[in-house]
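These notes concern the structure reproduced below.
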Amino acid sequence: MAPSTEPVATASKPASGLREFWYYFSVNRGAVIGLTVFALLVLMAIFAPLIAPYSPDIQYRDALLKPPIWEAGSDPRFILGTDPVGRDMLSRLIHGARYSLFIGFFVVIGALFVGVILGVLAGYFRGWVDVAIMRVMDIILAFPSLLLALVLVAILGPGLFNAMIAIAIVLQPHFARLVRAAVMAEKNREYVTAAKLSGASHIRLMLITILPNCLGPIIVQATLSFSNAILDAAALGFLGMGAQPPTPEWGTMLATAREFILKAPWVVTFPGLAILITVLAINLIGDGLRDALDPKLKRS
Amino acid sequence: MAKGKDPHMLNYLLRRLALIVPTVIGISICAFAFVRVLPGDPILAMAGQHGVTPERYEILKEQFGYNLPIWQQYFDYLGSVLQGDFGISLATKRPVITEFLTLFPATIELALTAMFLAVIIGIPAGIFAAVKRGSWFDQATMGVALTGYSMPIFWWGLLLIIFFSGYLGWTPVSGRIALTFFLRPITGFMLVDTLLYGNWPAFVSALRHLILPAIVLGTIPLAVIARQTRSAMLEVLGEDYVRTARAKGLSPRRVVNIHALRNALIPVITTIGLQVGLLMGGAILTETIFTWPGVGKWMIDSIFKRDYVVVQSGLLIIALIVMAVNLAVDLLYAFINPRIRVQ
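These protein sequence lines map, in sequence, to chains A and B. The first sequence runs contiguously to residue 300 in our numbering. The second sequence runs contiguously to residue 343 in our numbering.
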């Protein structure tokens with residue numbers, strides 16, 4: 001009878017739980033807009049080679065720094081203009097979506113995986129395990145995250161993959177802290193005691209009995225981390241420590257365009273706008289998720 | 001609230017301090033270890049392009065203690081740090097602490113101005129949005145706040161430069177003050193120093209240099225504070241005692257300003273304190289964009305120059321400052337909110 005006694009978990013009654021979730025989520029107009037924009041971005045990333053008018057790396061040497069088509073002196077072939085070496089801005093931006101979403105997705109998976117394991121261990125076992133894990137998390141959190149990521153990338157060597165590892169490391173303490181607190185709150189509830197009495201193992205108690213009931217805050221934190229990962233990766237790219245040119249990563253595009261800001265503002269404007277739209281869409285979803293998953297705010 | 005002699009407060013303070021000791025040791029080990037595993041050789045980095053002979057290399061290695069076992073190097077480092085010696089920069093040959101203290105006022109001036117803008121705009125905006133919940137003002141403010149919160153600030157800085165420096169020509173692009181002014185620093189805070197000298201044009205120049213970086217650095221804290229104030233205010237406005245105050249027939253303004261605001265601001269203070277770490281991260285980007293001669297730019301330049309000593313000690317100093325501020329915020333929070341202490 002043990003684990004089936006789990007109360008109120010959204011996971012225990014998928015159909016109605018999901019419907020209830022959608023009811024609360026869709027009330028938030030911003031969240032629905034965010035989700036729509038995000039879905040479009042995902043589609044754009046997946047089908048980038050089909051949508052983009054040109055390859056992101058082809059240099060049209062006859063069309064350097066052409067402005068967008070609504071400005072004087074533009075080239076009708078390039079809707080959003082070209083960059084300093086004659087590459088089509090639009091195509092590079094479309095391909096850039098692949099990098100940002102890829103970064104966000106894998107950084108969150110990594111940070112989530114490590115942070116959840118550490119947090120569950122700390123909250124479940126307490127004692128010296130808890131002390132050891134949480135002190136390490138405190139140390140990581142004492143460094144400004146961007147600075148720590150920069151130093152980690154300097155150690156690992158500049159590049160997109162190393163930047164992702166560094167960002168995952170600086171983001172995971174947030175998961176660990178959150179999960180620890182949630183596990184500690186759930187641990188002494190009756191359904192856990194019941195499962196324990198019926199002989200469930202530690203692993204089963206941690207992962208199957210307790211963890212699903214902590215999912216709400218974890219999902220919200222994951223959304224937040226997704227947008228933070230994109231911003232941090234772009235910042236590292238901008239500082240020359242993330243993706244390296246000629247990768248059409250948005251932050252890296254900004255870095256290479258910096259010297260042209262006054263001469264050709266569009267090479268700076270569009271990549272940043274792309275980052276902003278993506279991050280804004282994800283944060284809108286995050287706000288909606290928080291409202292929908294936080295039982296305190298659900299007073300019908 | 002019994003101030004000063006509260007046993008709970010003292011107890012809380014001691015507990016927090018006890019927790020901090022292992023963290024500080026951990027931070028110093030991390031800062032030390034990071035630099036040991038950085039690729040490259042500190043002595044070769046120090047020697048520069050000319051390189052050194054093998055004999056000279058050995059001498060230097062011994063002189064700087066790099067031949068000692070790693071744990072002994074760590075304890076030597078810790079020993080010097082405890083005596084206030086943070087090492088000598090490989091690039092400039094000046095003591096790290098001197099460089100830090102020269103540059104730190106620039107970062108503090110920038111961060112304080114940014115925070116000032118964030119607080120004087122963010123708190124009233126949050127309160128007003130909460131009081132007028134659901135109005136167009138509320139929706140617009142929260143829309144702007146979420147946009148600010150999602151802003152890649154390095155891009156935001158570039159946009160402001162394009163518009164205000166390039167298009168309108170109102171503000172300079174880089175530095176703290178026009179090069180025509182040559183003032184000996186007194187406090188290191190440009191705005192204060194120019195006033196102390198009574199040099200009005202210099203003050204205006206310093207202000208014009210400061211405004212864009214401060215806006216850029218203040219954007220995310222502003223958004224966070226506005227959002228936090230609104231939600232804290234909404235929570236408090238729903239409490240029984242606020243309803244009681246309203247029922248007593250107090251004016252809405254009095255209810256908001258006296259009864260609700262006091263309690264709503266408690267979580268906001270914590271939020272403000274927690275922005276300090278974020279501000280240091282933001283300072284790296286802001287100072288890079290505006291060539292602002294502060295600690296953030298110093299750190300990133302040192303990482304690129306592989307100035308190991310600066311990276312190591314800079315990391316340590318910055319982490320200690322962030323920790324000290326977080327501790328101060330926690331204590332302040334416990335001081336205002338007695339419920340925390342007794343737990």
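Don't be surprised by glycine CBs; every beta carbon is placed ideally from N, CA and C. Note that the structure is predicted; figures quoted are calculated from it, not measured.
Could you check what DSSP says for residue i in three-state terms: helix, strand or coil?
i: B/Ile88; result: strand
i: A/Asp88; result: strand
i: B/Pro22; result: helix
i: B/Leu14; result: helix
i: B/Trp156; result: helix
i: A/Asn228; result: helix
i: B/Val173; result: coil
i: B/Gln72; result: helix
i: A/Ile261; result: coil
i: B/Phe290; result: coil
i: B/Thr107; result: helix
i: B/Lys61; result: helix
i: B/Leu179; result: coil
i: A/Leu289; result: helix
i: A/Ser100; result: helix
i: A/Met164; result: helix
i: B/Leu38; result: coil
i: A/Ala301; result: As shown, chain A starts at 1 and ends at 300. That puts residue 301 of chain A outside it, with no answer to give.
i: B/Pro7; result: helix
i: B/Tyr197; result: coil
i: B/Tyr66; result: coil
i: B/Leu168; result: coil
i: A/Thr278; result: helix
i: A/Ser145; result: helix
i: B/Asn337; result: coil
i: B/Lys305; result: helix
i: B/Met299; result: helix
i: A/Pro173; result: helix
i: B/Ala202; result: helix
i: A/Ala72; result: coil
For residue i, which residues of its own chain have a beta-carbon under 6 angstroms away from its beta-carbon, when the five flanking residues on both sides are left out?
i: B/Ala226; result: Gly122, Ala125, Gly126 and Ala145
i: A/Ile275; result: Ala234 and Trp250
i: B/Leu279; result: Ala111
i: A/Ala264; result: Leu65
i: B/Ala114; result: Ala214, Leu217 and Gly218
i: A/Ser145; result: Val170
i: B/Gly188; result: Pro105
i: A/Leu97; result: Leu is not the amino acid found at residue 97 of chain A; the sequence shown has Ala there. Counting only Cβ-Cβ distances below 6 angstroms, and skipping sequence neighbours, we find Leu41, Met44 and Ala45.
i: A/Pro7; result: Here the model assigns A/Pro7 a pLDDT of 46, short of 50, so the residue's position is not dependable and the matter cannot be decided.
i: B/Lys305; result: Ala91
i: A/Ser4; result: Bear in mind that the predicted position of A/Ser4 carries a pLDDT of just 45, short of 50, making it unreliable; the figure below should be weighed with that in mind. Within the same chain, A/Ser4 has no close Cβ partners at all.
i: B/Pro42; result: Tyr308
i: A/Val27; result: none
Since residue i sits in a beta bridge, which residues does DSSP pair it with?
i: B/Thr53; result: Beta-bridge pairing links B/Thr53 to no other residue.
i: A/Thr82; result: A/Asp88
i: B/Pro95; result: B/Ile88
For residue i, I'd like the list of residues in its chain whose CB is within less than 8 angstroms of its CB, leaving aside the five on either flank, ordered along the chain.
i: A/Leu205; result: Tyr124, Val192, Ala195 and Lys196
i: A/Pro84; result: Leu64, Leu65, Thr256, Ala257, Phe260, Ala264 and Val267
i: A/Gln244; result: Pro158, Gly159, Leu160 and Thr252
i: B/Arg16; result: Leu327, Asp330 and Leu331
Near residue i, which residues of its chain fall below 7 angstroms by C-beta distance, leaving aside the five closest residues on each side in sequence?
i: B/Ala160; result: Before going further, note that residue 160 of chain B is Leu rather than Ala in the sequence given. Result list for B/Leu160: Leu212, Ile215 and Val216, in chain order.
i: B/Gly148; result: Thr219, Ile220, Leu222 and Ala223
i: B/Leu13; result: Leu331
i: A/Ile103; result: Met164, Ala229, Ile230 and Ala233
Does the distance between the C-beta of residue i and the nearest non-hydrogen atom of the ligand GDP fall short of 7 angstroms?
i: A/Leu141; result: With respect to small molecules bound, the structure shown includes none, and the ligand GDP cannot be examined in it.
Count the CB pairs spanning the stretch 281 to 297 of chain A and the stretch 14 to 33 of chain B that are closer than 8 angstroms, and state whether there are at least three.
no
Under 8 angstroms: do the stretch 232 to 243 of chain A and the stretch 205 to 220 of chain A share three or more Cβ pairs, one atom per stretch?
no
Below 8 angstroms, how does it come out for the stretch 260 to 277 of chain B and the stretch 134 to 151 of chain B: are there three or more Cβ pairs, yes or no?
no
Output the residue ranges of the alpha helix (DSSP H) runs that lie fully inside the stretch 8 to 67 of chain A and measure 4 residues or longer, sorted by chain position.
14 to 27, 29 to 46 and 48 to 51
If you pair each beta-carbon of the stretch 124 to 141 of chain A with each one of the stretch 18 to 26 of chain B, do three or more pairs fall below 8 angstroms?
yes
Threshold first: 4 residues or longer. Then list the alpha helix (DSSP H) segments lying entirely within the stretch 211 to 285 of chain B, N to C.
240 to 247
So, do the stretch 32 to 40 of chain A and the stretch 266 to 275 of chain A have three or more beta carbon pairs nearer to each other than 8 angstroms?
no
Taking one C-beta from the stretch 183 to 200 of chain B and one from the stretch 233 to 250 of chain B each time, how about it: are there three or more such pairs within less than 8 angstroms?
no
If we require 4 or more residues per run, which alpha helix (DSSP H) segments fall completely within the stretch 104 to 143 of chain A?
Within the stretch 104 to 143 of chain A, the runs of alpha helix (DSSP H) at least 4 residues long that lie entirely inside it are, in chain order, 127 to 142.
Quick check: the stretch 181 to 190 of chain A against the stretch 106 to 116 of chain A, are there 3 or more CB pairs under 8 angstroms?
No, because fewer than three Cβ pairs between the stretch 181 to 190 of chain A and the stretch 106 to 116 of chain A fall closer than 8 angstroms, the two stretches do not touch.
Is it true that the stretch 124 to 134 of chain A meets the stretch 85 to 93 of chain A, where meeting means three or more beta-carbon pairs spaced less than 8 angstroms apart?
no
Counting only runs of 4+ residues fully inside the stretch 178 to 246 of chain A, write out the alpha helix (DSSP H) ranges in chain order.
Correct list: 190 to 197 and 215 to 238.
Say whether the stretch 217 to 230 of chain A touches the stretch 162 to 179 of chain A, bearing in mind that this needs 3 or more beta-carbon pairs closer than 8 angstroms, one atom from each stretch.
They touch, by the three-pair rule.
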